[in-house]
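Chemist: Structure in structure tokens, see below.
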Amino acid sequence: MTPIRLSRRPAHHLALCLALAPCLGLLLACDSGSPATPPEVEEPRGEDPEPPGLLVDDFEDGDLDNQLGVTWHFYTDQDAAGASTITTEPAERVQSPGSDSDHALSFDFTFSRGDYAWDPFVGTGTSVPGDVEVGEYEGLSYSYKGAAHAVRFETSNVKDYDFYVMNVPAATEWTKVTVPFAATAQAGYGEEVEWDPALLTTINWHIVGADGASGSFALDDVRFETSAPVDRGPKNLTIHPAEPPEKVDLGDVTIDTPLQKKALAQLDRGYNITNWLEAGRFQSFDFDESYVEKLAQAGFKALRLPIDLDLYVTDVEGSGDDMTVTVHDDLWTILDSFDEWTAAHGLSYTIDYHQYDASFTFANEAGVDQAVALWRLVAQHFASSDRDDLYFELLNEPELSTGATSALTPSRWTRVAQRMIDAIRAENTKHTIIFGDVNWYGIDELAKRTPFEDDNIVYAFHTYEPFIFTHQGADWANMASTRDVPFPYTPERWSEYASDFGLTSAQPSWIWSQFQNYHINGTEEAVYNHIARAKQWSVEHQVPVICNEFGVFERRSQLEDRVAYYKHVIATFRELEIPWQLWFMVMDDEGTVIPEYVEAFGLEPL
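Numbered continuously in the working numbering, the sequence shown closes out at residue 1069.
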């Protein structure tokens, strides 16, 4: 199916703009190249009679009052502590010319993150009065020029901002878009609800961008369409036979050290508590001892607690290695509670410094000093603990935690990590440290590393390969619309139509490339070889490695494929003697893990 149809007058250069707005469940694309397959191009409009459907606004009256009887609204992130601005004065937001017309809505903007925790945003939209029978229409069409954006259809049954959306790429010339409602998708972590046009309250054109960037957006000829069929579009993929690479043979994978034995015994069959303490400051125990107990009863043996440590700093004194920090008592309440609960229920415990708000950045030496001082304080706090299964994880995925838009240099991260290690060891020589490398804990980067001199470090990597399978439906990966990607690849379940997998022109070229090569990289052998590279390095240096993040986002993937993937990856970890910890939470609040997962993970429920 082709979720979005574009017609251009004249042809234009396609630019894609990448931005992340996790709290709103949105991700827009940024890529300077064109997608591997261009969208369908329609001929320019002639002097046609008034088309069927319901006109929302063509702006020919020169004002911001539309045909629904309401006024167009504009918004920025300023209500969320951001500082973005729409620089065009309100009286000048209907301008000439439009799309083959005299007028269009148009405005300029500048992004400024301010104190907002995520990427800045601006937008425009209209409310939809209750007397508009949206159920009579199949979609929405409009013409636009300017920034990449998400058309967001806000319905009253969505309570957590996870609205139905369609991402649309930037356009340098006027471009017509038709968005079938049937092709939109919820794009985030919120509760999945059924699309109901009768509950539509608002349509927003939501624009997200990088701090300091600026741009423009113009909108014209907005109309509810009586007919907006979802068709398959052109044949733009090839059905190949599977072409798996030759499986590597590592030979003897033995690491005969006490730390390797400890890691396998204590860190295997692990679980992450996600989208909580790493995403914002503690308010209450959303997950408490009862949840930890249920994890143990379900058969999990290790708990990784992602937490943004610097959210609790209340005072800073000094600088460099002499800096000291004071933290709010909430931090100790959290860390000590999970220390007590995991010990009571037989789970190892990893404190993972993990954040999304980029409040810690490598560009700011004072921020580095603070992170080092924080670890010194945490290490001191637990120095008297006799637990052997307490772990300190220095910094999850350094690029993600610090807001970097590209991989950090290994040398820069090594210098910062060494300072953290030294600060911990000055107070605490007992507890094991976990270190992950640049490029989002990348295996390739780890494989080039010389281990630290400290012999009480476990080296972590993350794997989400093949990415178009594990992240189908994920807005933060610019894959909200993708679906039904199988694992492993088979010709029988592949298609010549990219639209069958929800792939659109809004996805950047690297995603198209992964689809085009899935007959190679979507095989069990490719997944095995990727993980084996980490083990090869581990054996060479006789140090333990752990995969403390992997998994499959569930919203658009099929259960049979997730089970096949988990069985293969877990079998690989077992063969290579690598402990594992799952990222996506698969246990519900009642402590239930579905039988298919229990088998795939090799859990032994109590």
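The beta carbon of each residue, even a glycine, is placed where N, CA and C say it ideally should be.
Quick caveat, the model's predicted, so the values are computed rather than measured.
Kindly indicate which residue of Gly-936, Tyr-991, Asp-885, Glu-928 has the alpha-carbon position closest to the one of Asp-918.
Modeler: Within the sequence shown, residue 918 is the residue found at index 455, counting from 1. If we check each option's Cα against that of Asp-918, Asp-885 comes out closest.
Chemist: Would Leu-740 and Ser-811 qualify as a contact pair, given that the criterion is a beta-carbon distance under 8 Å?
Modeler: Along the sequence shown, read from residue 1 onward, the residue named residue 740 stands at position 277. Along the sequence shown, read from residue 1 onward, the residue named residue 811 stands at position 348. Taking 8 Å as the Cβ cut-off, Leu-740 and Ser-811 do not qualify as a contacting pair.
Chemist: From Pro-515 to Glu-599, what distance separates their C-alpha atoms?
Modeler: Here the question's residue 515 lines up with position 52 in the sequence shown. Here the question's residue 599 lines up with position 136 in the sequence shown. C-alpha separation (whole angstroms): 12 Å.
Chemist: Excluding sequence positions up to five away, which residues of its chain have a Cβ less than 6 Å from the Cβ of Ile-897?
Modeler: Residue numbering aside, residue 897 sits at position 434 when the sequence shown is read from its first letter. Here the set comprises Tyr-854, Glu-856, Val-921, Ala-923.
Chemist: For Phe-898, which of helix, strand or coil comes out of DSSP?
Modeler: Counting from 1 along the sequence shown, the entry for residue 898 is found at position 435. If DSSP states are grouped into helix, strand and coil, Phe-898 belongs with the strands.
Chemist: Considering only the alpha carbon of each residue, which of Val-1008, Leu-858, Glu-987, Glu-1059 lies closest to Glu-709?
Modeler: The sequence position of residue 709 within the sequence shown is 246, counting from 1. The shortest Cα separation from Glu-709 among Val-1008, Leu-858, Glu-987, Glu-1059 belongs to Glu-987.
Chemist: Would you mind sorting Glu-1012 into buried or exposed? The rule is 16 or more other CB atoms within 10 Å of its CB.
Modeler: Here residue 1012 is taken as the residue at index 549 of the sequence shown, counted from 1. Per the 10 Å Cβ criterion, buried.
Chemist: Exposed or buried, Gln-977, counting other C-beta atoms within 10 Å across all chains shown (16 or more means buried)?
Modeler: Residue numbering aside, residue 977 sits at position 514 when the sequence shown is read from its first letter. Per the 10 Å Cβ criterion, buried.
Chemist: Can you say whether Leu-1069 is buried or exposed, counting buried as having 16 or more other CB atoms within 10 angstroms of its CB?
Modeler: Looking up residue 1069 in the sequence shown gives position 606. For Leu-1069, the number of other beta carbons within 10 angstroms of its own is below 16, and it is reported as exposed.
Chemist: Would you call the region 657-672 and the region 578-589 touching, i.e. three or more CB-CB distances under 8 Å?
Modeler: Contact between the region 657-672 and the region 578-589 is present: 3 or more CB-CB pairs across the two stretches fall below 8 Å.
Chemist: Could you pull out every unbroken beta strand (DSSP E) segment of at least 3 residues lying fully inside the region 874-955, listed in chain order?
Modeler: 895-899, 920-925
Chemist: Indicate whether the contact test is met: 3 or more Cβ pairs, each with one atom in the region 1017-1031 and one in the region 946-964, closer than 8 Å.
Modeler: Yes, the region 1017-1031 touches the region 946-964.
Chemist: Taking the CB atoms as reference points, tell me whether Pro-643 and Val-716 lie closer together than 8 Å.
Modeler: Within the sequence shown, residue 643 is the residue found at index 180, counting from 1. Within the sequence shown, residue 716 is the residue found at index 253, counting from 1. Going by C-beta atoms, Pro-643 is not nearer than 8 Å to Val-716.
Chemist: For Glu-860, I'd like the list of residues in its chain whose CB is within less than 6 Å of its CB, leaving aside the five on either flank, ordered along the chain.
Modeler: By one-based count along the sequence shown, residue 860 stands at place 397. Cβ neighbours of Glu-860 beyond the five flanking positions: Trp-903, Tyr-904.
Chemist: If you draw a straight line from the alpha carbon of Asp-563 to that of Thr-647, how long is it in whole angstroms?
Modeler: As a first step, residue 563 must be located in the sequence shown, where it is residue number 100. As a first step, residue 647 must be located in the sequence shown, where it is residue number 184. So the two alpha carbons sit approximately 28 Å from each other.
Chemist: Tell me, please, whether the region 778-787 touches the region 751-768 by the rule of three or more beta-carbon pairs shorter than 8 Å.
Modeler: no
Chemist: Taking 6 Å as the limit between beta carbons, can you name the residues of its chain near Ala-567, skipping five residues before and five after?
Modeler: Taking the first residue of the sequence shown as 1, we reach residue 567 at position 104. Same-chain partners within the cutoff: Phe-522, Gly-561, Ala-681, Asp-683.
Chemist: Inspect the beta-carbon positions of Ala-910 and Ala-997 and report whether they are closer than 8 Å.
Modeler: Residue mapping note: residue 910 aligns to position 447 of the sequence shown, counting from 1. Residue mapping note: residue 997 aligns to position 534 of the sequence shown, counting from 1. Contact flag set, yes.
Chemist: Which of the three DSSP states, helix, strand or coil, is assigned to Tyr-960?
Modeler: As a first step, residue 960 is located in the sequence shown; it is residue number 497 there, counting from the start. DSSP places Tyr-960 in coil when its eight states are reduced to three.
Chemist: In the DSSP assignment, what residue or residues form a beta bridge with Leu-663?
Modeler: Numbered from its first residue, the sequence shown carries residue 663 at position 200. DSSP output for Leu-663 lists Thr-618 as bridge partner(s).
Chemist: Flag this pair as touching only if the region 573-583 and the region 544-551 have three or more C-beta atom pairs under 8 Å; answer yes or no.
Modeler: yes
Chemist: Spatial neighbours of Val-656 within its chain, please: C-beta separation below 7 Å, excluding the five flanking residues on both sides.
Modeler: The count along the sequence shown starts at 1 and reaches residue 656 at position 193. Excluding positions up to five away in sequence, the list reads Asn-620, Val-621.
Chemist: Count the other CB atoms within 10 Å of the CB of Ser-569; is the residue buried (16 or more) or exposed (fewer)?
Modeler: Numbered from 1 along the sequence shown, position 106 holds the residue referred to as residue 569. The residue in question, Ser-569, is buried, as its Cβ has 16 or more Cβ neighbours within 10 Å.
Chemist: The beta strand (DSSP E) spanning Asn-735 covers which residue range?
Modeler: As a first step, residue 735 is located in the sequence shown; it is residue number 272 there, counting from the start. Where Asn-735 is concerned, the enclosing beta strand (DSSP E) stretches over 733-735.
Chemist: What number of angstroms, rounded off, separates the C-alpha of Pro-583 from the C-alpha of Gly-609?
Modeler: As a first step, residue 583 is located in the sequence shown; it is residue number 120 there, counting from the start. As a first step, residue 609 is located in the sequence shown; it is residue number 146 there, counting from the start. C-alpha separation (whole angstroms): 17 Å.
Chemist: Just mark Lys-698 as buried or exposed, buried being the case when its beta carbon has 16 or more other beta carbons within 10 Å.
Modeler: Here residue 698 corresponds to residue number 235 of the sequence shown, with the count starting at 1. So Lys-698 counts as exposed.
Chemist: Roughly how many angstroms lie between the CA atoms of Gly-899 and Gln-818, to the nearest whole one?
Modeler: Residue 899 sits at position 436 when you count from the first residue of the sequence shown. Residue 818 sits at position 355 when you count from the first residue of the sequence shown. Computed Cα separation, rounded: 15 Å.
Chemist: Using the C-alpha atoms, what's the distance from Arg-912 back to Ala-484?
Modeler: Residue numbering aside, residue 484 sits at position 21 when the sequence shown is read from its first letter. Residue numbering aside, residue 912 sits at position 449 when the sequence shown is read from its first letter. With a pLDDT of only 37 at Ala-484, under the threshold of 50, the placement of this residue in the model should not be trusted; the figure read from the coordinates follows. Approximately 33 Å between the Cα atoms of the pair.
Chemist: In angstroms with no decimal places, state the Cα-to-Cα distance between Ala-1027 and Thr-872.
Modeler: Numbered from its first residue, the sequence shown carries residue 1027 at position 564. Numbered from its first residue, the sequence shown carries residue 872 at position 409. If I take the Cα positions, the gap works out to 36 Å.
Chemist: Using DSSP's beta-bridge definition, name the partner residues of Glu-1012.
Modeler: The sequence position of residue 1012 within the sequence shown is 549, counting from 1. Bridge partners of Glu-1012: His-925.
Chemist: For Thr-539, is the classification buried or exposed, using 16 other Cβ atoms within 10 angstroms of its Cβ as the cut-off for buried?
Modeler: Within the sequence shown, the letter at position 76 stands for residue 539. Flag for Thr-539 reads buried.
Chemist: Within its chain, find whatever has a CB closer than 7 Å to the CB of Val-1032; leave out the 5 residues flanking it on each side and keep chain order.
Modeler: Position 569 of the sequence shown, counting from 1, holds the residue named residue 1032. Cβ neighbours of Val-1032 beyond the five flanking positions: Val-990, Phe-1013.
Chemist: Can you give the beta carbon distance from Asp-773 to Ala-834, rounded, assuming they're within the 8 Å contact cut?
Modeler: Residue numbering aside, residue 773 sits at position 310 when the sequence shown is read from its first letter. Residue numbering aside, residue 834 sits at position 371 when the sequence shown is read from its first letter. Indeed they touch by this definition, with Cβ atoms about 7 Å apart.
Chemist: Comparing the C-beta of Gly-866 with each C-beta of chain C, is any distance below 8 Å?
Modeler: Of the chains in the structure shown, none is chain C; there is only one protein chain.
Chemist: Just the Cα atoms here: how many angstroms apart are Asp-542 and Thr-877?
Modeler: The residue given as residue 542 occupies position 79 in the sequence shown. The residue given as residue 877 occupies position 414 in the sequence shown. If I take the Cα positions, the gap works out to 38 Å.
Chemist: Under a Cβ-count criterion, where at least 16 other Cβ atoms within 10 Å of its own Cβ denotes burial, should Lys-639 be classed as buried or exposed?
Modeler: The count along the sequence shown starts at 1 and reaches residue 639 at position 176. Classification for Lys-639: buried.
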